[in-house]
Amino acid sequence: MIEEKDHPRVAVMFAEGLEEVEGLTVVDLLFRAHIPCDMVSIAADCTITSSHNVKLTCHRSIYDADFSFNDYNMIVLPGGIPGTPNLRACEPLCEALKDFAQRGLLIGAICAAPSILAELGLLDGRMATSNPGFQHVLGEHGAHVVADKPVVVDGSFITSQGMGTAIDFALTIISVLADDDAVQDVRTKIVDMR
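All the letters of the sequence shown, read from the start, carry residue numbers 1 to 194 under our numbering.
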């Protein structure tokens, strides 16, 4: 069994209007891999409503008195509309993303959310992917768009295409944070027969 203390802590950012499967799949699979993970609201309220009107209760808010991005070694951005624009409008989050990128800490983004990283200039010269409807944003900001892969890893950035690639995205995060044994263990637990 993998001990939680042996792993970095992951912040999965939740905004009003997120695609809930993209966020919860990461949380679920990290939990199964014994990797510490917090659902973090970018609002003062820890209850978030997804793009499909599903109510979700986060563990933390960035407005909690004791919250600090420095407590985490990875930030994950789910997509969804209007979740992605809401994440993009969150200045403390954007500043943290720039800081993480500068320090070489891990950042994951799926669906429309890689466009946030592109707009912040963090994907310039890097290979990345996103939802096909947002790949032009990546290209316009200097990313080398990989349109034919569900998940792309380039340095400390992990990007993915959408809800249908959420399991691959989460398993890739596990492979980077843990190892192939942890990935295989989770695959067995979720009966992933691919």
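Quick reminder that beta carbons are idealized off the backbone N, C-alpha and C, glycines included. Quick caveat: nothing in here was measured; it's all calculated off a predicted structure.
Around the Cβ of Ala65, a 10 Å sphere holds fewer than 16 other Cβ atoms; the residue is exposed. Going by beta carbons, Leu171 and Leu29 fall inside the 8 Å limit. Distance from Glu19 to Ser41 at the Cβ level is roughly 16 Å; contact not present, criterion being Cβ atoms closer than 8 Å. In this structure, the straight-line span from the alpha carbon of Pro85 to that of Tyr63 is close to 19 Å.
Runs of alpha helix (DSSP H) with 4 or more residues, each lying fully within the stretch 4-32, are found at 20-32, listed in chain order. Residue pairing by DSSP places Cys37 opposite Val10 in a beta bridge. Distance from the Cα of Pro114 is smallest, within the candidate group Gly83, Val54 and Gly104, for Gly83. Ranked by how close their Cα comes to the Cα of Val54, the residues Phe69, Asp38 and Gly17 have Gly17 in first place. Per DSSP, the beta bridge partners of Leu77 are Ala109. In the structure shown, Ile42 adopts coil according to DSSP, grouped into three states. Here the stretch 96-104 does not lie against the stretch 143-153, with fewer than 3 beta-carbon pairs under 8 Å apart.
Between the alpha carbons of Asp179 and Ile75 lies a distance of about 19 Å. Pairing Arg88 with His141, the inter-Cα distance amounts to about 15 Å. Each residue's CA atom was taken as its position, placing Gly162 and Met39 some 19 Å apart.
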